[in-house]
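Chemist: Just so you know, we're using the working numbering here: the sequence shown kicks off at 20 and counts up by one.
In this text, a Cβ means the ideal position worked out from N, Cα and C, and glycines have one as well.
Bear in mind that the values here come from a model prediction, so they are computed numbers and not experimental data.
Let me give you the structure first, and then I'll get to my questions.
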Amino acid sequence: IEIGAAGKTQIILSVPSLDTPVCATEAREFNKKVASYNGAEVIVVSMDLPFAMGRFCSTEGIENLSVASDFVAKEFGEKYGVLVNEGALEGLLARAVFVIKEGKVAYKELVNEITEMPDIAKLDAFFGGSSCCGGCGCH
């Protein structure tokens, strides 16, 4: 999976592990909603092993988004500033949402509480335009 590919819009969901209830719910929600994001590619990145990610997608019927493991290189976590460096979740990824347009970050939400979902309404507003609150800095 190439992140930041020219000519593409990508929604990148950074999650600690698909084997947690909140991450699983987030993946299922975005799997359902992907069509509403104007052709954007949705990618879930976690520290799960590729085998576990494949099993999760098969079991949950995840067919509309891609998954990528950052387990070996931790390159994504370091580049996007979401690698947890201390505490019980050290080595995992923080929960965040990025929209990459033409290779640049156009939208970013770092979820303060890792056990909570991202603000999907703000992301929806970013793609819908007119209903945006203006407070997120996305426009």
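Going by DSSP, which residues form a beta bridge with A115?
Modeler: S33, L129
Chemist: My output table needs one value for E135: the three-state DSSP class, helix, strand or coil.
Modeler: coil
Chemist: Tell whether a beta-carbon distance below 9 angstroms holds between V64 and D89.
Modeler: yes
Chemist: Which word fits D138, buried or exposed, when buried means at least 16 other C-beta atoms lie within 10 angstroms of its C-beta?
Modeler: exposed
Chemist: Identify, in the order they occur along the chain, each residue of the same chain with its Cβ nearer than 7 angstroms to the Cβ of K27, setting aside the five sequence neighbours on each side.
Modeler: E60
Chemist: Note down, in chain order, each residue of its chain lying with its Cβ closer than 6 angstroms to the Cβ of G96, except the 5 sequence neighbours on either side.
Modeler: D89, L102, L112
Chemist: Assign L84 to one of three DSSP states: helix, strand, or coil.
Modeler: It is coil, neither helix nor strand.
Chemist: Per the DSSP calculation, K123 is bridged to which residue(s)?
Modeler: K120
Chemist: At which residues does the alpha helix (DSSP H) containing S55 begin and terminate?
Modeler: Careful: S55 lies outside any alpha helix (DSSP H) and carries neither H nor E.
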